[in-house]
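Residue numbers (this note's numbering): 3 to 579. Structure first, then comments.
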Amino acid sequence: MESGRATLLKEQQLKDQFDNLEKHTQSGIEFVERYSKFVKERSEIEISYAKQIRNLSKKYQPKKNSREEEENKYTSCRAFLSTLNELNDYAGQHEVIAENLTSQIITELSRYLTELKAERKSHFHDGRKAQQQIESLWKQLESSKRRFERDCKEADRAQQYFERMDADINVTKADVEKARQQAQMRHQIAADSKTEYSNYLTKFNQEQNEHYYTLIPNIFQKLQEMEERRIERVGVSMKTYAEVDREVLPIVGKCLDGMTKAAESIEPKTDSKQVVESYKSGFEPPGDVEFEDYGPGQTMKRTVSETSLSNSRGEAKERPGGGKSKGKLWPFIKNKNKLSLKLGSGPEDFSHLPPEQRRKKLQAKIDDINKDIQKEMDQKDALTKMKGVYEKNPQMGDPASVDPRLVEMAMNIEKLQSEVQKFEGWLAEVEGRLPSRSDPPRRQSGLYESQNSNSTMVDNNCAQDRESPDGSYTEEQSSETQVKVAIANTPEFDDEFDDGDEETLPTIGTCKAVYSFEGHNEGTISVTEGELLFVIEQDKGDGWTRVRRNEEEEGYVPTSYVEVFLETNTKGAMTYI
């Protein structure tokens with residue numbers, strides 16, 4: 003009985019161990035799943051971060067045909083562009099991290115978890131099966147034991163009954179014999195039960211020994227090995243997790259080195275020279291202002307506009323009190339308007355630009371057309387050679403099939419050469435107007451050289467055979483180009499300001515719009531062909547004339563779009579076309 007209780011106790015303890023091991027291994031699997039989920043979320047973060055970095059780099063990339071693309075000639079802008087490109091490569095390394103985490107950890111752990119769950123299930127299935135088998139043998143042993151005990155008790159009772167019958171003299175001999183046979187049968191049954199019980203006991207002890215010393219230890223050993231492999235696999239994954247980051251560090255370092263190199267390539271002096279080269283106007287500096295003495299009966303010469311220094315010098319003039327007038331800050335106010343004009347679309351001859359910038363634009367245009375001419379000529383030469391080959395070898399092709407293309411190329415070349423001549427003419431005009439460094443500065447004065455108060459008619463026949471902005475020519479009658487303008491004596495203006503507002507410039511002449519002009523940019527004014535306007539500021543060599551329609555509407559128009567009629571008492575009175 004004691005051995006039976008010990009067996010039951012051991013079975014219960016074994017069952018408890020299986021339960022504990024089952025809980026522990028399940029917890030281990032959940033830990034691997036949790037770690038795999040952690041790596042997956044890290045991979046998603048890397049992908050999202052890389053996407054945001056790429057979008058950031060793309061957002062700040064210079065747009066084509068924009069001011070930002072034009073600014074790439076500066077070293078600082080090129081350095082920033084290099085930084086954006088390096089940042090894009092840097093984002094690519096984070097994508098590599100995400101890919102490697104997915105392929106080397108997440109995918110591998112997912113496959114391993116499937117194998118781990120199947121192996122765990124198999125081991126516990128074997129354990130439960132062994133446990134069920136030993137329990138079944140134990141039940142059979144207990145059943146044979148109880149049967150043996152019952153049969154022994156039955157044999158004892160039959161033996162006692164036989165002995166009572168044999169001792170009783172009143173019982174017949176037949177009854178005694180029957181009791182004796184019954185007792186012998188019960189003893190035989192008890193003997194058989196004993197043999198069966200002994201056999202079951204021997205078998206159980208063998209199975210129990212096999213169970214506790216072979217099967218269960220093997221299952222526990224397999225579970226232990228499985229758990230050790232799981233822990234080792236997690237460690238390998240954690241190491242791989244670090245190596246994935248370490249592998250991209252050299253390339254990330256190169257990206258950062260590229261950013262550093264780009265920053266070190268910035269050259270402030272080179273950028274400042276670029277600014278000077280880009281915005282150098284080419285205007286001739288004004289000469290010295292001559293001293294004018296006052297005497298009885300003499301009238302001192304007057305400028306075209308007493309209220310704006312820009313009309314005579316192209317410079318800003320300060321008020322006696324130290325303040326500045328908006329109308330006098332020509333290098334700032336007027337240039338701001340010109341900047342907006344430069345950003346917009348201008349005439350084909352770039353007359354909206356200052357001379358130096360116009361020269362550069364024209365030269366660049368000529369160079370581009372010459373490249374196109376060279377390209378067409380190279381293609382023409384190639385086709386000519388091909389035609390020669392066809393003529394020598396008719397089986398290779400028809401020489402006449404090349405002629406239409408040759409004619410087309412010849413027309414293209416002729417057209418491009420005509421374009422070059424047109425732009426070279428404009429370039430010669432600009433280079434003729436640009437001052438030489440060796441020439442002494444000349445005074446761009448608007449002083450009146452004569453005090454003629456009579457009205458004057460300026461006859462300008464230069465408008466005939468005028469070239470329009472689109473390159474076509476228009477015939478105009480000389481009668482349409484003759485405009486009689488009665489110009490009254492210009493009153494004197496006081497050089498004072500009202501509450502800091504811009505002064506109203508005086509009229510110095512009139513003009514007639516030869517072409518219509520749409521003034522979309524800041525500082526310009528729209529005019530229609532044939533419209534008469536007042537001139538309030540001459541062309542200073544930058545291709546723009548300032549006009550006024552009424553007291554509230556004024557602005558700049560291209561000088562080539564209008565005929566200008568200045569007052570006769572203005573120095574160098576002439577008509578601009």
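Note that CB positions come from ideal geometry on N, CA and C, so glycine has one too.
Quick one: give me the first and last residue of the beta strand (DSSP E) that residue i is part of.
| i | result |
| --- | --- |
| leucine 115 | Counting along the chain, leucine 115 falls outside any beta strand (DSSP E), though it belongs to the alpha helix (DSSP H) covering 109–169. |
| proline 560 | 556–560 |
Can residue i and residue j be called in contact, C-beta distance under 8 Å?
| i | j | result |
| --- | --- | --- |
| histidine 125 | leucine 225 | yes |
| alanine 515 | valine 566 | no |
| leucine 355 | glycine 545 | yes |
| isoleucine 107 | tyrosine 243 | yes |
| aspartate 374 | leucine 418 | yes |
| leucine 1 | leucine 408 | A query on residue 1 cannot be resolved here, the shown segment of the chain reaching from 3 to 579 and no further. |
| cysteine 257 | aspartate 91 | yes |
| glutamine 54 | valine 254 | no |
| glutamine 161 | alanine 193 | no |
| glutamate 97 | alanine 132 | no |
| threonine 561 | threonine 547 | yes |
| serine 112 | serine 38 | yes |
| glutamate 410 | proline 401 | no |
| isoleucine 136 | glutamine 223 | no |
| threonine 77 | threonine 262 | no |
| alanine 93 | serine 59 | yes |
| glutamate 520 | serine 528 | yes |
| arginine 182 | phenylalanine 164 | yes |
| valine 250 | isoleucine 99 | yes |
| alanine 264 | threonine 85 | yes |
| methionine 228 | glutamate 121 | yes |
Quick one: what does DSSP say residue i is sitting in, helix, strand or coil?
| i | result |
| --- | --- |
| isoleucine 268 | coil |
| phenylalanine 567 | strand |
| phenylalanine 519 | strand |
| lysine 514 | strand |
| leucine 534 | strand |
| valine 173 | coil |
| threonine 526 | strand |
| glutamine 446 | Annotation note: pLDDT 37 at glutamine 446 (below 50); position unreliable, coordinate value reported separately. Here glutamine 446 sits in coil by DSSP. |
| histidine 354 | coil |
| leucine 507 | coil |
| valine 291 | coil |
| glycine 329 | Only weak support is given to the placement of glycine 329: the predicted model assigns it a pLDDT of 39, under 50, and the question is left unresolved by the model. |
| glutamine 106 | helix |
| glutamine 63 | coil |
| proline 298 | coil |
| glutamate 469 | Legend: pLDDT at glutamate 469 = 39, less than 50; position of this residue unreliable, value from coordinates given subsequently. If DSSP states are grouped into helix, strand and coil, glutamate 469 belongs with the strands. |
| proline 349 | coil |
| glutamate 553 | coil |
| aspartate 405 | helix |
| glycine 255 | helix |
| aspartate 400 | coil |
| lysine 282 | coil |
| asparagine 57 | helix |
Pull the bridge partners of residue i from the DSSP assignment, please.
| i | result |
| --- | --- |
| arginine 548 | Glu539 and Tyr558 |
| leucine 217 | DSSP, once it has assigned bridges, lists no residue as partnering leucine 217. |
Determine the closest residue to residue i out of the options, with distance taken between C-alpha atoms.
| i | options | result |
| --- | --- | --- |
| proline 357 | Cys513, Glu378 and Leu429 | Leu429 |
| glutamine 359 | Val432, Met228 and Met388 | Val432 |
| asparagine 414 | Asn372, Glu426, Glu393 and Phe425 | Asn372 |
| glutamate 212 | Leu139, Val250 and Gln190 | Leu139 |
| arginine 148 | Gln190, Glu198, Lys180 and Tyr114 | Glu198 |
| tyrosine 509 | Arg550, Arg361 and Pro287 | According to the sequence as given, residue 509 is threonine; it is not tyrosine. Of Arg550, Arg361 and Pro287, the residue nearest in Cα terms is Arg550. |
| serine 146 | His522, Ser239 and Tyr202 | Tyr202 |
| glutamine 134 | Leu217, Leu86, Phe164 and His189 | Leu217 |
| lysine 123 | Glu137, Glu421, Ile31 and Asp273 | Ile31 |
| glutamine 423 | Ser29, Asp351, Pro288 and Ala412 | Asp351 |
| valine 537 | Cys513, Glu524, Asn552 and Lys382 | Cys513 |
| glutamate 524 | Gly511, Glu555 and Lys542 | Glu555 |
| serine 239 | Phe293, Asn102, Val278 and Asp290 | Asn102 |
| histidine 522 | Arg235, Asn552, Gly511 and Val559 | Val559 |
| glycine 348 | Gln63, Leu83, Thr526 and Gly399 | Thr526 |
| glutamate 35 | Asp290, Pro287, Thr116 and Glu121 | Thr116 |
| glutamine 19 | Ala366, Tyr214 and Leu535 | Tyr214 |
| glycine 390 | Glu378, Ser403 and Leu118 | Ser403 |
| methionine 167 | Lys180, Arg235 and Asn57 | Lys180 |
Between which two residues does the alpha helix (DSSP H) harbouring residue i extend?
| i | result |
| --- | --- |
| serine 78 | 77–103 |
With 8 Å set as the bound, which would you pick, yes or no: does the beta-carbon of residue i sit closer than that to a beta-carbon of chain D?
| i | result |
| --- | --- |
| leucine 507 | No chain D is present in this structure, which holds just one protein chain. |
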